[in-house]
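The sequence shown begins at 1265 in the numbering used here and counts up by one.
Using N, Cα and C, we set each Cβ at its ideal position, and we do this for glycine too.
Heads up: the structure comes next, in structure tokens.
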Amino acid sequence: MWQVWLRRADTRVVAILCLVVGVMSFDQVGINFLMPFIKPDLHLKNTQVGLLVSVYWVAFAVSSYASSFLAEALGRRKAFLVITLVLFSLCSVVPCFVTSFGTLLAARLAMGFLEGPMLPLAQSIIALESPIERRGTYMGIVGNLGGPILGLFVAPLLLVKLASLYGWRSGFLAIPAPGLLCALLVARLVPEPSAGKSALSRGDAPAASDGRLTEVLRFRNVYLCAVL
């Protein structure tokens, strides 16, 4: 049963993209578990710790929104994701060399911009590559399985142990290898959604929608989700 399940092309894509989101979450929340080690070493104030988190999420939000439009315009979601993963992996080691609040803030700003595109790109690939009857299930798996497992279960156990043994900078060295592995898996095993599939996906949407932001904002559920 498992062999048949793993041979399915769409299942492989789901597993790989689930891993991508998990590795992103590992870095995303990992700094929170390292902060008890970082704060005294860099002599950070509570306000500065809060600013590190806020700057990251602002960059993440802006990048998520902008990258969605760019990927849609270029039609190269897979290539965009591979490039993002490579840059993310290389830049993830920058905090190992920071010596001040300013340099750490710049590093987190960069990571926010690099991680922002990952989930939108992964979900758009899933939406275009998965059978319509499994689309919701697959998007739920990609968005909600890898992140909690790697970000909220593995990250605190591994990062705190590394920081206790070798210092907090060693925690950031755990990210590049999985990130580059994800880039390789996406490049080799994830298909680039074709323009035809993109057009078909748009054809599945209600006829009144023309893809504009104003059309989306007409639905009151959007505001409810934003509040939640």
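Under the Cβ criterion (8 angstroms, minimum of three pairs), the segment 1367 to 1384 counts as touching the segment 1316 to 1330. Lys1425 sits in a helix when the DSSP states are folded into three classes. In this structure, Ser1356 keeps its C-beta atom at 8 angstroms or more from the C-beta atom of Ile1302.
Counting only runs of 4+ residues, the alpha helix (DSSP H) found wholly inside the segment 1271 to 1353 occupies 1273 to 1306 and 1310 to 1338, in chain order.
Residue burial is scored here from C-beta neighbours: Thr1478 has fewer than 16 other C-beta atoms within 10 angstroms and is therefore classed as exposed. In this chain, Pro1395 is not harboured by any alpha helix (DSSP H), its DSSP state being neither H nor E.
Taking the C-beta atoms as reference points, Val1358 is found no nearer than 8 angstroms to Ala1386.
Counted as a single uninterrupted DSSP element, the alpha helix (DSSP H) harbouring Ala1451 occupies residues Pro1440 to Leu1453. If you compare the alpha carbons of Leu1449, Leu1423 and Leu1445 with that of Leu1437, the shortest gap goes to Leu1423.
Beyond the five residues adjoining it in sequence on each side, Asp1274 comes within less than 8 angstroms, by CB distance, of Glu1393, Ser1394, Pro1395, Arg1398 and Tyr1402 in the same chain, given in chain order. By the CB criterion at 8 angstroms, Gly1435 and Leu1426 fall inside the cutoff. By the neighbour-count criterion, in which 16 or more other beta carbons inside 10 Å mark a residue as buried, Cys1282 falls on the buried side. Three or more Cβ pairs closer than 8 angstroms define a contact, and the segment 1409 to 1421 falls short of that threshold against the segment 1314 to 1323. By the neighbour-count criterion, in which 16 or more other beta carbons inside 10 Å mark a residue as buried, Asp1291 falls on the buried side. Taking the CA atoms as reference points, Met1382 sits about 16 angstroms from Arg1372.
When DSSP states are grouped into helix, strand and coil, Phe1483 belongs to the coil group. Val1285 is not a Cβ neighbour of Ile1389, given a cutoff of 8 angstroms.
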